[in-house]
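What follows is a single structure, written as structure tokens, with notes after it.
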Amino acid sequence: MNQGWTERQRPPRLERRLEFADYETTRDFLDRAALVSERLGIYPDMSFGRTYVNITLHAQDDATEVGEPSRHFAREIDILLETEKTLDE
31 MNQGWTERQR PPRLERRLEF ADYETTRDFL DRAALVSERL GIYPDMSFGR TYVNITLHAQ
91 DDATEVGEPS RHFAREIDIL LETEKTLDE
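The following block contains the structure:
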């Protein structure tokens with residue numbers, strides 16, 4: 031799996047915690063992540079505070095592992111983060 035993501039069992043899921051410099055950056059990420067969710071039709075559990083976001087992608091229904099659609103979503107989030115780093119530099 032992609033760097034930064036943790037794969038867990040019972041129940042099967044992918045998790046990642048993201049840290050940001052300030053609320054504005056956190057909010058920008060959340061807005062862009064919402065666009066990815068709408069485009070892919072995947073809506074992970076997300077919790078956030080002023081400078082962090084926790085993302086959990088659960089396996090579909092009774093699946094015993096996280097499927098490719100969720101893994102694809104995780105890769106898309108990684109691309110967002112890389113784009114953000116590029117914009118900051």
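Numbering-wise, the numbering used here puts 81 at position 51 of the sequence shown, and it's gapless, one number per residue. Even glycine gets a Cβ: it sits at the ideal position worked out from N, Cα and C. Remember, predicted model here, so these are calculated numbers, not experimental data.
- The three-state secondary structure of residue 37, taken from DSSP, is strand.
- Across the structure, residue 57 and residue 82 are spaced so that their CA atoms are roughly 10 Å apart.
- Inclusion of residue 34 and residue 46 in the CB contact set at 8 Å is warranted, their separation being smaller than that value.
- Residue range 43-49 is occupied by the beta strand (DSSP E) that includes residue 45.
- As DSSP reads the structure, residue 87 sits in a beta bridge with 44.
- Residue pairing by DSSP puts residue 75 in a beta bridge opposite 86.
- The DSSP-derived three-state label of residue 95 is coil.
- In the DSSP assignment, residue 58 falls within the unbroken alpha helix (DSSP H) covering 53-70.
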